[in-house]
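There are 2 protein chains.
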Amino acid sequence: MALTTREQLLATAEQLFAEKGFYGASIATIAKELGLTKQALLHHFGNKEKLYGEVLSALSARLAAGINNIRQQRLPPGEQLEEMLLAQYREQMTNQNAARLIMRELLDNEARADQAGNWYLKDYLEELVETARAASPGAKPSRAAALALVYQLLGAAHYFAISQPTLVNIFGKATLNRTRQQFEAQLRAIVQASLSTLAS
Amino acid sequence: MALTTREQLLATAEQLFAEKGFYGASIATIAKELGLTKQALLHHFGNKEKLYGEVLSALSARLAAGINNIRQQRLPPGEQLEEMLLAQYREQMTNQNAARLIMRELLDNEARADQAGNWYLKDYLEELVETARAASPGAKPSRAAALALVYQLLGAAHYFAISQPTLVNIFGKATLNRTRQQFEAQLRAIVQASLSTLAS
DNA sequence: GGCTTAACTTACCGATCGGTAAGGACAATA
DNA sequence: TATTGTCCTTACCGATCGGTAAGTTAAGCC
Numbered sequence: 000m001a002l003t004t005r006e007q008l009l010a011t012a013e014q015l016f017a018e019k020g021f022y023g024a025s026i027a028t029i030a031k032e033l034g035l036t037k038q039a040l041l042h043h044f045g046n047k048e049k050l051y052g053e054v055l056s057a058l059s060a061r062l063a064a065g066i067n068n069i070r071q072q073r074l075p076p077g078e079q080l081e082e083m084l085l086a087q088y089r090e091q092m093t094n095q096n097a098a099r100l101i102m103r104e105l106l107d108n109e110a111r112a113d114q115a116g117n118w119y120l121k122d123y124l125e126e127l128v129e130t131a132r133a134a135s136p137g138a139k140p141s142r143a144a145a146l147a148l149v150y151q152l153l154g155a156a157h158y159f160a161i162s163q164p165t166l167v168n169i170f171g172k173a174t175l176n177r178t179r180q181q182f183e184a185q186l187r188a189i190v191q192a193s194l195s196t197l198a199s
Numbered sequence: 000m001a002l003t004t005r006e007q008l009l010a011t012a013e014q015l016f017a018e019k020g021f022y023g024a025s026i027a028t029i030a031k032e033l034g035l036t037k038q039a040l041l042h043h044f045g046n047k048e049k050l051y052g053e054v055l056s057a058l059s060a061r062l063a064a065g066i067n068n069i070r071q072q073r074l075p076p077g078e079q080l081e082e083m084l085l086a087q088y089r090e091q092m093t094n095q096n097a098a099r100l101i102m103r104e105l106l107d108n109e110a111r112a113d114q115a116g117n118w119y120l121k122d123y124l125e126e127l128v129e130t131a132r133a134a135s136p137g138a139k140p141s142r143a144a145a146l147a148l149v150y151q152l153l154g155a156a157h158y159f160a161i162s163q164p165t166l167v168n169i170f171g172k173a174t175l176n177r178t179r180q181q182f183e184a185q186l187r188a189i190v191q192a193s194l195s196t197l198a199s
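From first to last, the protein sequence lines are chains A and R. Position one of the first sequence corresponds to residue 0 (numbering that gives the first Met the number 0), numbered consecutively onward. Position one of the second sequence corresponds to residue 0 (numbering that gives the first Met the number 0), numbered consecutively onward.
In structure tokens:
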């Protein structure tokens with residue numbers, strides 16, 4: 000799949016924003032990485048905030064697409080949530096940029112002088128919450144209860160994904176590899192356990 | 000409890016580092032917040048990296064103290080892990096600075112040109128892992144398996160804590176309040192469910 | 001009084017930050 | 001051939017970055 004020029008620019012920008020954050024990554028650094036001058040990059044995107052915004056909306060489009068794929072498989076409701084979570088987990092483990100970017104956005108979107116309304120994760124989260132409500136075996140739970148469940152699952156997966164560099168330093172490569180092998184199965188177990196908690 | 004001058008400096012620095020991150024918070028801004036000049040702040044801590052380091056080690060000392068308190072209550076092993084997690088969750092919900100700082104450290108400690116070995120979370124994590132191993136009802140699980148469990152629980156709690164500002168914007172205050180009310184009970188349920196998964 | 005030390009101050013430094021202005025190279029179009 | 005728009009350049013801008021150097025002020029100690 001050939002990337003357009005613009006997509007290549009965004010891919011590199013995503014990489015650097017994920018690594019160093021909005022403040023840590025300068026437009027000059029990003030441009031240098033691309034073999035451009037800073038002003039050429041600004042020509043394409045206007046300013047730094049817009050560049051960052053485009054990176055994020057491309058990411059949120061990818062997240063939404065991933066969810067849609069699974070929904071169109073028409074799995075049983077219980078499995079659907081599990082597969083969405085697992086797909087998301089695998090995606091974030093292989094593509095750490097996405098995981099880190101989302102986490103940074105959660106941390107920074109308040110402090111950055113953002114005009115209101117840039118909540119790139121909104122659709123994605125709403126979709127997961129509805130899936131969880133449909134997946135509950137008993138009576139349909141409230142949005143609030145489903146949100147609590149979804150967030151615990153998301154957190155469990157996401158937190159682990161971004162912690163890989165730290166964990167390998169603390170516990171070593173061998174232990175971490177064994178942990179990774181166990182992680183997915185335990186994640187599935189938690190999904191089912193919390194779904195049945197939700198029902199009661 | 001009267002804070003010493005130095006503790007006040009560190010408290011303010013913690014606040015700003017938590018809000019904006021290492022790169023986003025400048026020493027001039029921190030000093031201004033304290034009513035000092037930038038150079039006065041540098042006088043106390045040498046440079047920015049050292050200031051940040053002191054903030055983090057104070058935090059990790061607090062985390063360790065919190066865990067020790069609970070261990071000294073000599074609860075049954077199963078409850079001990081649950082109490083540690085919940086204490087940690089409550090602490091992070093009331094003091095968001097701690098939660099945000101830890102998250103930022105997980106994201107940044109690789110990119111910052113840190114001299115190796117600044118793993119402020121090491122002791123804290125090792126302690127939790129050992130508690131989880133002791134808490135398992137069956138045969139003592141491997142460190143790797145216990146780490147997977149601890150990390151999922153920690154992630155579930157921690158991720159929710161830092162997401163409060165985003166969630167209130169997406170779902171509104173009322174829903175989020177209801178979610179918070181449910182969250183703790185579901186967290187307890189997940190602890191027990193995953194402990195029994197671990198045993199099998 | 002003399003001396004030391006801690007806690008600052010003002011005055012800088014070079015580097016880098018995000019961003020603007022103006023114009024050149026070049027391909028497509030009229 | 002002339003014109004237009006895209007893409008990119010060099011040359012700047014003022015602000016801010018982290019950090020250094022040197023001097024001042026006040027308190028404690030002998």
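The C-beta atom is built at its ideal place from N, Cα and C for all residues, glycine as well. As the structure is a prediction and not an experimental result, all values here were calculated from the model.
Check your understanding: Closest Cβ-Cβ distance between F16/A and chain R: below 8 Å?
Key -> Interface flag for F16/A against chain R is unset, since no Cβ pair is found closer than 8 Å.
Review point. Going along the chain, which residues of the segment 83-97 of chain R sit with their C-beta nearer than 9 Å to a C-beta in chain A?
Key: Within the segment 83-97 of chain R, no residue qualifies.
Check your understanding: Pick from A98/R, T165/R and E109/R: whose alpha carbon is nearest that of S59/R?
Key -> Here the closest residue by C-alpha is A98/R.
Exercise for review: Check distances from the C-beta atoms of the segment 145-173 of chain A to those of chain R and list, in chain order, the residues that come in under 8 Å.
Suggested key: Of all residues in the segment 145-173 of chain A, L146, A147, L148, Y150, Q151, L152, L153, G154, A155, A156, H157, Y158, F159, I161, S162, P164, T165, L166, N168, I169 and F170 have a Cβ within less than 8 Å of some Cβ in chain R.
Review point. Given 8 Å as the limit, is there contact between the segment 82-94 of chain R and the segment 184-198 of chain R, that is, 3 or more CB pairs closer than that?
Key: Touching, yes, given that three or more Cβ pairs across the two stretches are closer than 8 Å.
Point to revise | Alpha-carbon spacing of A145/A relative to L153/R, whole angstroms | key: If you take the alpha carbons of A145/A and L153/R, they lie about 19 Å apart.
Point to revise | Selection from F16/A, A134/A and L50/A that minimises the alpha carbon distance to R5/A | key: Minimum Cα-Cα distance from R5/A among the listed residues F16/A, A134/A and L50/A corresponds to L50/A.
Exercise for review: Select from L197/R, R142/R and I169/R the residue whose C-alpha is nearest the C-alpha of N176/A.
Suggested key: Minimum Cα distance to N176/A is reached at R142/R.
Review point. Of the choices L8/R, E183/R and R132/R, whose alpha-carbon is the least far from that of A160/R?
Key: The shortest Cα separation from A160/R among L8/R, E183/R and R132/R belongs to E183/R.
Check your understanding: Alpha carbon to alpha carbon, how far is L9/A from N46/A?
Key -> Near 13 Å, if we compare the C-alpha coordinates of N46/A and L9/A.
Point to revise | Separation of W118/R from I169/A, as counted between CA atoms | key: Using only the alpha carbons, I get a separation of about 7 Å.
Review point. Residue ranges of each beta strand (DSSP E) run of no fewer than 3 residues wholly in the segment 98-178 of chain A, ordered along the chain?
Key: Listed in chain order, nothing qualifies, since the segment 98-178 of chain A has no complete beta strand (DSSP E) run of 3 or more residues.
**Study point:** Per-residue contacts from A192/R into chain A (C-beta, under 9 Å)
**Key:** Those are A188, I189, Q191, A192, S193, S195 and T196, listed as they occur along chain A.
**Study point:** From Q163/A, N94/A and A134/A, residue whose alpha carbon lies closest to that of P75/A
**Key:** The shortest Cα separation from P75/A among Q163/A, N94/A and A134/A belongs to A134/A.
Check your understanding: Given that a residue counts as buried once 16 or more other Cβ atoms are within 10 Å of its Cβ, and exposed if not, what is A131/A?
Key -> Counting Cβ neighbours within 10 Å, A131/A comes out buried, since at least 16 surround it.
Check your understanding: For the alpha helix (DSSP H) that A57/R lies in, which residues bound it at each end?
Key -> Counting along the chain, A57/R sits inside the alpha helix (DSSP H) bounded by residues K47 to R70.
**Study point:** Rounded C-alpha distance that separates Q71/A from L80/A
**Key:** In this structure, the alpha-carbon of Q71/A lies about 13 Å from that of L80/A.
Review point. If we count the other Cβ atoms within 10 Å of its Cβ and call it buried at 16 or more, is T36/R buried or exposed?
Key: By the 10 Å Cβ count, T36/R comes out exposed.
Check your understanding: What does R132/R reach in chain A if we use C-beta pairs closer than 7 Å?
Key -> Going along chain A, no residue has its Cβ under 7 Å from R132/R, so there is no contact; the nearest lies around 13 Å.
Review point. Considering only the beta carbon of each residue, do L106/R and M92/A sit closer than 8 Å?
Key: Between L106/R and M92/A, the C-beta gap is not smaller than 8 Å, which leaves the two residues out of contact.
Practice item. Take G137/R as the anchor and find which of S162/R, V54/R, L197/R and L33/R has the nearest alpha-carbon. Key: Nearest of S162/R, V54/R, L197/R and L33/R to G137/R, Cα basis: L197/R.
Point to revise | Endpoints, alpha helix (DSSP H) assigned at L8/A | key: Segment T4 to G23, the alpha helix (DSSP H) holding L8/A.
Check your understanding: If you follow the alpha helix (DSSP H) that R89/R is part of, which residue opens it and which one closes it?
Key -> Taken as a continuous stretch (DSSP letters only), the alpha helix (DSSP H) holding R89/R covers P76 to T93.
Practice item. For the alpha helix (DSSP H) holding L33/R, just list the boundary residues, first then last. Key: DSSP places L33/R inside the alpha helix (DSSP H), whose first and last residues are I26 to L33.
Check your understanding: How many whole angstroms separate the CB atoms of E109/A and P164/R, which I take to be in contact at a CB cut-off of 8 Å?
Key -> In this structure E109/A touches P164/R by the C-beta definition: roughly 5 Å separates them, less than 8 Å.
Point to revise | Other residues of its chain near L41/R: CB distance less than 7 Å, five sequence neighbours each side excluded | key: Once the five neighbours on either side are set aside, the close Cβ partners of L41/R are I26.
Review point. Excluding sequence positions up to five away, which residues of its chain have a Cβ less than 6 Å from the Cβ of Q114/A?
Key: Any reading at Q114/A is ruled out, since the residue's pLDDT is 48, under 50, leaving its predicted position unreliable.
Point to revise | 7 Å CB neighbourhood of E53/A in its chain, flanking five on each side removed | key: Excluding sequence neighbours, E53/A sits near L9 and F44.
Practice item. Determine, using beta carbons only, whether G23/A comes closer than 8 Å to chain R. Key: Yes, its Cβ sits closer than 8 Å to a Cβ of chain R.
Check your understanding: Could you give the distance in angstroms between the alpha-carbon of A192/R and the alpha-carbon of V149/R?
Key -> Each residue's Cα considered, the two are about 13 Å apart.
Check your understanding: What residues of chain A sit near T178/R, judged by a beta carbon separation below 8 Å?
Key -> Listed along chain A are A143, A144, L146, A147 and Y150, each with a C-beta nearer than 8 Å to that of T178/R.
Check your understanding: Does DSSP put T196/R in a helix, in a strand, or in coil?
Key -> Helix, per DSSP.
Practice item. Name the residue from L100/A, L127/A and E32/A whose alpha carbon lies nearest to the alpha carbon of E78/A. Key: Looking at the Cα atoms, L127/A is the closest of the given residues.
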